[in-house]
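So for the sequence shown, the working numbering puts the first residue at 62; every next one is plus one.
Glycine is no exception: its CB is placed at the ideal position from the N, C-alpha and C atoms.
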Amino acid sequence: MLSQHYKDMLGQKSVIREMNAAAFAMGEKIGHDQIFNFSLGNPSVPAPDSVNETMLRLLKNEDSLALHGYSESHGNLKVRGQVAEYLKKTYGLPYTADHVFMASGAAGAIAHALRAVACPGEEVITFAPFFPEYRPYVNETGAILKVVPADTERFQINFEAFEEMLSEKTAAILINSPNNPSGIVYSTETIQRLADTLRKAQETFGHDIYLISDEPYREIVFEGVDAPCISAFYDNTLMCYSFSKSISLPGERIGYVAANPACKDAETIIHMCTQISRGIGHNCPASLIQLAVGEVLGDTADLSVYETNSNILYNELTAMGFSIVKPGGTFYMFPKAPISDAKEFCQKALEYRLVIVPSDSFGVEGFFRVAYCVPTETVERSLDSFRELAKFYGM
62 MLSQHYKDML GQKSVIREMN AAAFAMGEKI GHDQIFNFSL GNPSVPAPDS VNETMLRLLK
122 NEDSLALHGY SESHGNLKVR GQVAEYLKKT YGLPYTADHV FMASGAAGAI AHALRAVACP
182 GEEVITFAPF FPEYRPYVNE TGAILKVVPA DTERFQINFE AFEEMLSEKT AAILINSPNN
242 PSGIVYSTET IQRLADTLRK AQETFGHDIY LISDEPYREI VFEGVDAPCI SAFYDNTLMC
302 YSFSKSISLP GERIGYVAAN PACKDAETII HMCTQISRGI GHNCPASLIQ LAVGEVLGDT
362 ADLSVYETNS NILYNELTAM GFSIVKPGGT FYMFPKAPIS DAKEFCQKAL EYRLVIVPSD
422 SFGVEGFFRV AYCVPTETVE RSLDSFRELA KFYGM
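The structure is reproduced here in C-alpha coordinates:
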(Lines of atoms letter the chains of each structure in order from A and count residues from 1; the text may use other names and numbers.)
(Lines give C-alpha, C1' and ligand atoms only; values in the text may rest on other atoms or scores of the structure.)
Protein backbone atom coordinates (compact mmCIF):
# COMPACT_ATOMS: atom_id res chain seq x y z
CA MET A 1 0.00 0.00 0.00
CA LEU A 2 1.30 3.46 -0.86
CA SER A 3 2.04 5.86 1.98
CA GLN A 4 -0.93 8.20 2.31
CA HIS A 5 1.28 10.72 4.09
CA TYR A 6 3.58 11.20 1.11
CA LYS A 7 0.69 11.01 -1.34
CA ASP A 8 -0.86 13.92 0.55
CA MET A 9 2.40 15.85 0.25
CA LEU A 10 2.05 15.71 -3.53
CA GLY A 11 -0.66 18.34 -3.12
CA GLN A 12 1.75 20.59 -1.22
CA LYS A 13 4.35 21.16 -3.92
CA SER A 14 6.84 24.00 -3.76
CA VAL A 15 5.37 27.18 -5.25
CA ILE A 16 8.92 28.20 -6.16
CA ARG A 17 9.35 25.09 -8.29
CA GLU A 18 5.89 25.54 -9.80
CA MET A 19 6.68 29.10 -10.88
CA ASN A 20 9.98 27.93 -12.33
CA ALA A 21 8.11 25.24 -14.27
CA ALA A 22 5.73 27.92 -15.57
CA ALA A 23 8.73 29.93 -16.74
CA PHE A 24 10.11 26.94 -18.60
CA ALA A 25 6.77 26.24 -20.27
CA MET A 26 6.47 29.87 -21.41
CA GLY A 27 10.05 29.82 -22.63
CA GLU A 28 9.37 26.78 -24.78
CA LYS A 29 6.60 28.71 -26.53
CA ILE A 30 8.11 32.16 -27.01
CA GLY A 31 11.82 31.65 -26.38
CA HIS A 32 13.59 31.39 -23.05
CA ASP A 33 15.42 34.67 -23.63
CA GLN A 34 12.02 36.41 -23.67
CA ILE A 35 11.18 35.26 -20.13
CA PHE A 36 12.41 37.10 -17.04
CA ASN A 37 12.63 34.23 -14.60
CA PHE A 38 13.13 35.46 -11.04
CA SER A 39 11.70 32.34 -9.40
CA LEU A 40 14.52 30.00 -8.46
CA GLY A 41 17.48 30.74 -6.19
CA ASN A 42 20.02 29.04 -8.42
CA PRO A 43 23.42 30.83 -8.49
CA SER A 44 24.11 32.57 -11.78
CA VAL A 45 27.88 32.87 -11.50
CA PRO A 46 30.34 30.02 -12.08
CA ALA A 47 32.32 28.35 -9.33
CA PRO A 48 35.78 29.84 -8.79
CA ASP A 49 38.55 28.33 -10.90
CA SER A 50 40.10 26.93 -7.73
CA VAL A 51 37.25 24.42 -7.38
CA ASN A 52 37.69 22.80 -10.78
CA GLU A 53 41.47 23.01 -10.55
CA THR A 54 41.39 21.28 -7.17
CA MET A 55 39.09 18.54 -8.39
CA LEU A 56 41.27 17.91 -11.44
CA ARG A 57 44.38 17.78 -9.28
CA LEU A 58 42.75 15.34 -6.88
CA LEU A 59 41.56 13.12 -9.73
CA LYS A 60 44.98 13.11 -11.32
CA ASN A 61 47.17 12.67 -8.26
CA GLU A 62 45.22 11.04 -5.44
CA ASP A 63 44.37 7.38 -4.85
CA SER A 64 41.16 6.45 -6.66
CA LEU A 65 39.88 4.36 -3.76
CA ALA A 66 40.25 7.30 -1.38
CA LEU A 67 38.54 9.68 -3.79
CA HIS A 68 35.57 7.46 -4.55
CA GLY A 69 35.24 5.31 -1.45
CA TYR A 70 33.00 5.86 1.55
CA SER A 71 34.15 8.50 4.01
CA GLU A 72 33.72 8.13 7.76
CA SER A 73 30.17 8.45 9.08
CA HIS A 74 30.91 11.95 10.39
CA GLY A 75 32.48 12.92 7.06
CA ASN A 76 36.13 12.90 6.06
CA LEU A 77 38.21 13.56 9.19
CA LYS A 78 40.77 15.70 7.37
CA VAL A 79 38.03 17.87 5.86
CA ARG A 80 36.26 18.25 9.19
CA GLY A 81 39.54 19.47 10.63
CA GLN A 82 39.98 21.92 7.77
CA VAL A 83 36.47 23.28 8.30
CA ALA A 84 37.07 23.62 12.04
CA GLU A 85 40.34 25.44 11.50
CA TYR A 86 38.69 27.82 9.03
CA LEU A 87 35.86 28.59 11.46
CA LYS A 88 38.32 29.08 14.31
CA LYS A 89 40.43 31.48 12.25
CA THR A 90 37.45 33.38 10.84
CA TYR A 91 35.22 33.69 13.91
CA GLY A 92 37.60 33.19 16.84
CA LEU A 93 35.71 30.22 18.31
CA PRO A 94 37.71 27.08 19.28
CA TYR A 95 36.18 24.60 16.84
CA THR A 96 37.82 21.21 16.31
CA ALA A 97 36.97 18.35 13.97
CA ASP A 98 34.84 16.89 16.79
CA HIS A 99 32.42 19.82 16.37
CA VAL A 100 31.82 19.29 12.63
CA PHE A 101 29.56 16.87 10.73
CA MET A 102 29.63 16.89 6.92
CA ALA A 103 26.16 16.94 5.32
CA SER A 104 24.38 17.13 1.99
CA GLY A 105 24.07 20.90 1.84
CA ALA A 106 22.26 23.10 4.33
CA ALA A 107 19.08 21.04 3.92
CA GLY A 108 20.88 17.91 5.07
CA ALA A 109 22.53 19.85 7.87
CA ILE A 110 19.18 21.20 9.13
CA ALA A 111 17.60 17.74 8.88
CA HIS A 112 20.28 16.37 11.20
CA ALA A 113 20.30 19.33 13.58
CA LEU A 114 16.53 19.25 14.06
CA ARG A 115 16.46 15.54 14.80
CA ALA A 116 19.31 15.89 17.27
CA VAL A 117 17.65 18.51 19.47
CA ALA A 118 13.86 18.38 18.88
CA CYS A 119 11.67 15.45 19.93
CA PRO A 120 8.21 14.60 18.51
CA GLY A 121 5.60 16.91 19.99
CA GLU A 122 8.10 19.62 20.90
CA GLU A 123 8.08 22.98 19.16
CA VAL A 124 10.51 24.65 16.78
CA ILE A 125 10.04 28.39 16.29
CA THR A 126 10.96 30.29 13.14
CA PHE A 127 10.38 33.84 11.96
CA ALA A 128 8.35 34.99 8.97
CA PRO A 129 9.25 35.42 6.24
CA PHE A 130 10.93 32.03 6.07
CA PHE A 131 12.05 29.45 3.51
CA PRO A 132 8.93 27.31 2.81
CA GLU A 133 10.82 24.01 3.06
CA TYR A 134 11.18 24.61 6.79
CA ARG A 135 7.69 23.15 7.12
CA PRO A 136 8.58 19.65 5.86
CA TYR A 137 12.02 19.85 7.48
CA VAL A 138 10.36 20.27 10.89
CA ASN A 139 7.17 18.30 10.34
CA GLU A 140 9.01 15.16 9.26
CA THR A 141 10.78 15.05 12.64
CA GLY A 142 7.46 14.88 14.49
CA ALA A 143 8.11 18.31 16.00
CA ILE A 144 5.72 21.24 15.47
CA LEU A 145 6.69 24.38 13.56
CA LYS A 146 5.54 27.65 15.13
CA VAL A 147 5.87 30.82 13.04
CA VAL A 148 6.40 34.27 14.53
CA PRO A 149 4.56 36.91 12.44
CA ALA A 150 6.77 39.21 10.40
CA ASP A 151 7.86 42.71 11.23
CA THR A 152 7.07 43.94 7.73
CA GLU A 153 8.55 47.38 8.39
CA ARG A 154 12.12 46.09 8.78
CA PHE A 155 12.00 42.28 8.57
CA GLN A 156 14.06 42.06 11.75
CA ILE A 157 12.66 39.82 14.52
CA ASN A 158 9.23 40.62 15.94
CA PHE A 159 10.35 40.13 19.56
CA GLU A 160 7.01 40.90 21.21
CA ALA A 161 5.30 38.08 19.32
CA PHE A 162 8.32 35.81 19.72
CA GLU A 163 8.45 36.15 23.50
CA GLU A 164 4.76 35.32 23.73
CA MET A 165 5.31 32.16 21.64
CA LEU A 166 8.14 30.76 23.78
CA SER A 167 6.98 27.97 26.08
CA GLU A 168 8.15 24.90 27.96
CA LYS A 169 7.60 22.99 24.70
CA THR A 170 10.17 25.12 22.82
CA ALA A 171 13.10 22.92 21.81
CA ALA A 172 14.78 24.99 19.13
CA ILE A 173 14.73 28.24 17.19
CA LEU A 174 15.41 28.08 13.44
CA ILE A 175 16.76 31.28 11.90
CA ASN A 176 18.11 32.27 8.50
CA SER A 177 20.37 35.30 8.11
CA PRO A 178 21.05 36.61 5.53
CA ASN A 179 17.44 35.79 4.88
CA ASN A 180 15.58 34.04 2.10
CA PRO A 181 13.22 35.58 0.95
CA SER A 182 13.68 39.13 2.28
CA GLY A 183 17.42 39.58 1.72
CA ILE A 184 17.61 41.15 5.20
CA VAL A 185 20.59 40.51 7.47
CA TYR A 186 19.86 40.32 11.19
CA SER A 187 21.79 43.09 12.92
CA THR A 188 24.10 42.70 15.91
CA GLU A 189 21.40 44.35 18.01
CA THR A 190 18.85 41.77 16.84
CA ILE A 191 21.13 38.77 17.45
CA GLN A 192 22.19 40.06 20.86
CA ARG A 193 18.57 40.48 21.92
CA LEU A 194 17.72 37.03 20.54
CA ALA A 195 20.57 35.45 22.53
CA ASP A 196 19.56 37.29 25.71
CA THR A 197 15.94 36.20 25.24
CA LEU A 198 16.92 32.56 24.78
CA ARG A 199 19.20 32.51 27.81
CA LYS A 200 16.34 33.90 29.90
CA ALA A 201 13.94 31.33 28.42
CA GLN A 202 16.31 28.48 29.28
CA GLU A 203 16.32 29.64 32.90
CA THR A 204 12.54 30.07 32.96
CA PHE A 205 11.70 26.67 31.49
CA GLY A 206 14.60 24.73 32.98
CA HIS A 207 15.92 23.11 29.82
CA ASP A 208 18.25 23.81 26.93
CA ILE A 209 16.90 25.65 23.89
CA TYR A 210 18.99 25.32 20.75
CA LEU A 211 19.49 27.92 18.05
CA ILE A 212 19.74 26.34 14.59
CA SER A 213 21.32 28.89 12.28
CA ASP A 214 20.73 28.30 8.55
CA GLU A 215 23.63 30.11 6.84
CA PRO A 216 23.95 29.31 3.11
CA TYR A 217 24.12 33.03 2.22
CA ARG A 218 26.72 33.94 4.84
CA GLU A 219 29.21 35.31 2.30
CA ILE A 220 26.66 37.24 0.24
CA VAL A 221 26.54 40.39 2.35
CA PHE A 222 26.56 43.85 0.76
CA GLU A 223 28.94 46.69 1.47
CA GLY A 224 28.56 48.33 4.85
CA VAL A 225 25.98 45.85 6.18
CA ASP A 226 26.27 44.65 9.78
CA ALA A 227 26.47 40.83 9.61
CA PRO A 228 27.42 39.29 12.97
CA CYS A 229 28.57 35.69 13.50
CA ILE A 230 25.50 34.22 15.18
CA SER A 231 27.35 31.41 16.94
CA ALA A 232 29.48 33.98 18.79
CA PHE A 233 26.44 35.28 20.69
CA TYR A 234 24.76 32.10 21.97
CA ASP A 235 26.45 28.93 23.22
CA ASN A 236 23.77 26.44 22.18
CA THR A 237 24.06 27.27 18.48
CA LEU A 238 24.21 24.72 15.66
CA MET A 239 25.53 26.34 12.47
CA CYS A 240 24.11 24.77 9.29
CA TYR A 241 26.12 25.72 6.22
CA SER A 242 26.12 25.02 2.50
CA PHE A 243 28.73 25.70 -0.18
CA SER A 244 25.90 26.04 -2.72
CA LYS A 245 25.83 29.83 -2.80
CA SER A 246 29.30 30.97 -1.73
CA ILE A 247 31.11 28.94 -4.40
CA SER A 248 28.14 28.16 -6.67
CA LEU A 249 27.98 24.41 -6.03
CA PRO A 250 24.25 23.74 -5.49
CA GLY A 251 24.29 20.54 -7.51
CA GLU A 252 27.11 19.04 -5.46
CA ARG A 253 25.02 18.99 -2.25
CA ILE A 254 27.77 19.69 0.25
CA GLY A 255 27.70 21.49 3.60
CA TYR A 256 28.06 20.83 7.31
CA VAL A 257 26.70 21.12 10.84
CA ALA A 258 29.09 22.91 13.19
CA ALA A 259 28.18 22.77 16.89
CA ASN A 260 29.46 25.73 18.89
CA PRO A 261 32.28 24.34 21.06
CA ALA A 262 30.56 25.97 24.06
CA CYS A 263 27.26 24.21 23.24
CA LYS A 264 26.13 21.74 25.88
CA ASP A 265 26.85 18.20 24.63
CA ALA A 266 28.36 19.60 21.41
CA GLU A 267 30.44 16.52 20.63
CA THR A 268 27.58 14.20 21.54
CA ILE A 269 25.32 16.03 19.08
CA ILE A 270 27.88 15.51 16.30
CA HIS A 271 28.10 11.79 17.16
CA MET A 272 24.29 11.63 17.19
CA CYS A 273 24.24 12.92 13.62
CA THR A 274 25.88 9.68 12.47
CA GLN A 275 23.00 7.71 13.94
CA ILE A 276 20.41 10.09 12.52
CA SER A 277 21.96 9.33 9.12
CA ARG A 278 21.11 5.67 9.58
CA GLY A 279 17.45 6.57 9.92
CA ILE A 280 17.17 8.97 7.00
CA GLY A 281 19.59 7.30 4.58
CA HIS A 282 22.04 10.19 4.46
CA ASN A 283 25.25 8.11 4.67
CA CYS A 284 27.74 10.91 3.98
CA PRO A 285 28.19 13.26 1.00
CA ALA A 286 30.45 12.21 -1.88
CA SER A 287 34.10 11.84 -0.84
CA LEU A 288 35.51 13.73 -3.83
CA ILE A 289 33.52 16.90 -3.24
CA GLN A 290 34.27 16.79 0.51
CA LEU A 291 37.99 16.70 -0.26
CA ALA A 292 37.66 19.47 -2.84
CA VAL A 293 35.83 21.97 -0.62
CA GLY A 294 38.28 21.30 2.18
CA GLU A 295 41.02 22.66 -0.07
CA VAL A 296 39.19 25.86 -1.11
CA LEU A 297 37.74 27.10 2.19
CA GLY A 298 37.51 30.88 2.09
CA ASP A 299 37.33 31.07 -1.69
CA THR A 300 34.12 32.39 -3.24
CA ALA A 301 32.62 32.82 -6.66
CA ASP A 302 32.45 36.39 -7.98
CA LEU A 303 29.50 37.41 -5.85
CA SER A 304 29.59 41.10 -6.79
CA VAL A 305 26.94 40.68 -9.51
CA TYR A 306 24.31 40.08 -6.84
CA GLU A 307 24.85 43.48 -5.22
CA THR A 308 24.88 45.10 -8.66
CA ASN A 309 21.56 43.47 -9.52
CA SER A 310 20.11 44.33 -6.13
CA ASN A 311 20.94 48.01 -6.51
CA ILE A 312 19.45 48.20 -10.00
CA LEU A 313 16.21 46.53 -9.00
CA TYR A 314 15.84 48.37 -5.70
CA ASN A 315 16.40 51.78 -7.26
CA GLU A 316 14.18 51.15 -10.27
CA LEU A 317 11.33 49.34 -8.52
CA THR A 318 11.10 51.90 -5.72
CA ALA A 319 11.05 54.64 -8.37
CA MET A 320 8.06 52.85 -9.92
CA GLY A 321 6.27 52.96 -6.57
CA PHE A 322 7.01 49.54 -5.09
CA SER A 323 7.70 49.50 -1.35
CA ILE A 324 10.81 47.45 -0.50
CA VAL A 325 12.89 46.91 2.62
CA LYS A 326 16.37 47.21 1.11
CA PRO A 327 18.24 43.89 1.06
CA GLY A 328 21.49 43.60 2.95
CA GLY A 329 22.60 40.42 1.23
CA THR A 330 21.59 37.18 -0.57
CA PHE A 331 20.19 37.43 -4.10
CA TYR A 332 16.56 38.03 -3.09
CA MET A 333 14.31 41.00 -2.43
CA PHE A 334 10.76 41.03 -1.11
CA PRO A 335 8.70 43.94 -2.47
CA LYS A 336 5.17 44.65 -1.31
CA ALA A 337 2.59 43.84 -3.98
CA PRO A 338 0.23 46.64 -5.05
CA ILE A 339 -2.75 44.42 -4.16
CA SER A 340 -3.35 42.22 -1.11
CA ASP A 341 -3.58 38.99 -3.13
CA ALA A 342 0.04 38.15 -3.95
CA LYS A 343 -0.92 35.04 -5.92
CA GLU A 344 -3.19 37.06 -8.20
CA PHE A 345 -0.45 39.65 -8.64
CA CYS A 346 2.16 37.03 -9.61
CA GLN A 347 -0.25 35.45 -12.08
CA LYS A 348 -0.77 38.88 -13.66
CA ALA A 349 3.02 39.33 -13.80
CA LEU A 350 3.24 36.25 -16.03
CA GLU A 351 1.36 38.20 -18.70
CA TYR A 352 4.31 40.60 -18.72
CA ARG A 353 6.80 37.69 -18.93
CA LEU A 354 7.85 38.24 -15.32
CA VAL A 355 8.15 35.09 -13.19
CA ILE A 356 8.09 36.02 -9.51
CA VAL A 357 6.95 34.09 -6.42
CA PRO A 358 3.98 35.05 -4.20
CA SER A 359 4.73 35.52 -0.52
CA ASP A 360 2.05 33.32 1.02
CA SER A 361 4.22 30.22 1.36
CA PHE A 362 6.91 32.35 3.02
CA GLY A 363 4.50 33.09 5.87
CA VAL A 364 3.56 36.63 4.79
CA GLU A 365 0.65 37.91 2.70
CA GLY A 366 0.81 40.67 0.11
CA PHE A 367 4.48 40.50 -0.94
CA PHE A 368 6.46 38.75 -3.68
CA ARG A 369 9.98 37.38 -3.94
CA VAL A 370 12.38 38.37 -6.71
CA ALA A 371 15.38 36.02 -7.05
CA TYR A 372 17.83 38.20 -8.98
CA CYS A 373 20.54 35.55 -9.41
CA VAL A 374 20.45 36.16 -13.15
CA PRO A 375 22.75 38.03 -15.54
CA THR A 376 22.66 41.81 -15.07
CA GLU A 377 21.63 42.15 -18.71
CA THR A 378 18.48 40.15 -17.88
CA VAL A 379 17.72 42.44 -14.95
CA GLU A 380 18.06 45.51 -17.16
CA ARG A 381 15.85 44.06 -19.90
CA SER A 382 13.17 43.16 -17.36
CA LEU A 383 12.64 46.74 -16.22
CA ASP A 384 10.24 47.67 -19.01
CA SER A 385 8.08 44.69 -18.09
CA PHE A 386 8.06 45.78 -14.45
CA ARG A 387 7.09 49.30 -15.56
CA GLU A 388 4.20 47.96 -17.64
CA LEU A 389 3.04 45.82 -14.71
CA ALA A 390 3.22 48.78 -12.33
CA LYS A 391 1.31 50.93 -14.83
CA PHE A 392 -1.44 48.31 -15.00
CA TYR A 393 -1.95 48.77 -11.26
CA GLY A 394 -1.89 52.57 -11.52
CA MET A 395 1.44 52.99 -9.78
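Please return the same chain residues whose Cβ sits closer than 6 Å to the Cβ of residue i, not counting the five positions on each side in sequence.
i, result
"ASP287", "SER248, THR249"
"GLY203", "PRO181"
"ALA256", "PHE294, TYR295"
"HIS66", "none"
"VAL425", "ALA189, PRO190, ALA211"
"HIS243", "Per the sequence shown, residue 243 should be read as Ser rather than His. Closer than 6 Å at the Cβ level, and outside the excluded window around SER243, lie PRO190, PHE216, PHE395."
Check this for me: beta carbons of residue i and residue j, under 8 Å apart or not?
i, j, result
"TYR302", "ALA319", "yes"
"LYS397", "PHE423", "no"
"PHE392", "VAL386", "no"
"PHE192", "ASN122", "no"
"SER384", "ALA403", "no"
"TYR195", "LEU148", "no"
"ALA362", "PRO104", "yes"
"VAL440", "ASN370", "yes"
"ALA108", "LEU310", "yes"
"GLY390", "TYR278", "yes"
"LYS230", "GLU183", "yes"
"ASP269", "ILE308", "no"
"MET381", "PHE447", "yes"
"HIS343", "GLY455", "no"
"VAL366", "THR437", "yes"
Contact defined as beta carbons within less than 8 Å: I believe residue i pairs with residue j. What is the distance between those atoms, to the nearest angstrom?
i, j, result
"ALA410", "LEU450", "6 Å"
"ALA145", "ALA158", "5 Å"
"GLU368", "GLU280", "In fact, because the Cβ distance is near 12 Å, the residues do not count as touching under 8 Å."
"GLY453", "ILE331", "Per the sequence presented here, residue 453 reads as Phe, with Gly not at that position. Between ILE331 and PHE453 the Cβ distance is about 54 Å, and since that is not below 8 Å, they are no contact."
"PHE217", "THR187", "The residue asked about is misnamed: residue 217 is Gln in this sequence, not Phe. About 14 Å; that fails the 8 Å criterion."
"GLN351", "GLY136", "6 Å"
Beta-carbon within less than 8 Å of residue i's beta-carbon, same chain only, minus the 5 sequence neighbours each way: which residues are those?
i, result
"THR258", "PHE220, PHE223, GLU224, LEU227"
"ASP296", "ASN321, ALA323, CYS324, LYS325"
"ALA353", "VAL112, THR115, MET116, LEU119"
"LEU349", "MET116, LEU119, LEU120, LEU128, HIS129"
"SER292", "TYR152, LEU154, SER274, THR298, MET300, ALA319, ASN321"
"THR379", "ILE385"
"VAL209", "ILE186, THR187, PHE188, ALA189, ILE218, ASN219, ALA222, PHE223, MET226"
"LEU175", "VAL185, TYR198, VAL199, THR202, ALA204, ALA233, LEU235, ILE273"
"ARG260", "TYR295"
"ARG254", "ILE218, PHE220"
Taking the alpha carbon of residue i as the reference point, which residue from the options has its own alpha carbon closest?
i, options, result
"VAL416", "CYS434, ALA204, VAL425, GLU426", "CYS434"
"VAL199", "VAL185, ALA189, ALA211, VAL209", "VAL185"
"PRO457", "LEU148, LEU206, GLY389, ARG430", "With the chain represented from 62 up to 456, any question about residue 457 goes unanswered, as that position is not in the structure."
"GLY312", "MET70, LEU63, SER165, ALA170", "SER165"
"ALA233", "ILE341, THR298, HIS93, GLU284", "THR298"
"PRO388", "PRO399, ILE373, ILE400, SER401", "ILE373"
"VAL418", "GLN253, GLU377, PRO190", "PRO190"
"LEU138", "PRO436, CYS345, PHE447, VAL246", "CYS345"
"ILE315", "SER125, SER75, ARG141, ASP110", "ARG141"
"GLU214", "ILE245, GLU201, MET70", "ILE245"
"TYR375", "ASP269, ASN237, SER75, LEU444", "LEU444"
"HIS93", "TYR271, LYS306, ARG414", "ARG414"
"SER238", "ALA262, LEU272, GLU264", "LEU272"
"ALA177", "VAL106, MET456, ILE341, TYR131", "ILE341"
"GLU276", "ILE171, PHE85, ASP124", "ILE171"
Using a Cβ-Cβ cut-off of 7 Å (strictly less than) and excluding sequence neighbours within five positions of residue i, which residues of its own chain qualify?
i, result
"GLN143", "GLY355, LEU358"
"CYS290", "TYR152"
"ALA327", "HIS160, ALA320, ASN321"
"ALA432", "PHE99, SER100, LEU101, GLY102, PHE392, TYR393"
"SER134", "THR335, SER338, CYS345"
"GLU412", "none"
"TYR156", "ALA145, LEU148, LYS149, ALA319, PRO322"
"GLN263", "ASP269, ILE270"
"LYS306", "PRO104, PRO277, TYR278, ILE281"
Are the segment 86-94 and the segment 325-336 in contact at 8 Å, needing three or more beta carbon pairs?
no
Quick check: the segment 68-81 against the segment 97-110, are there 3 or more CB pairs under 8 Å?
yes
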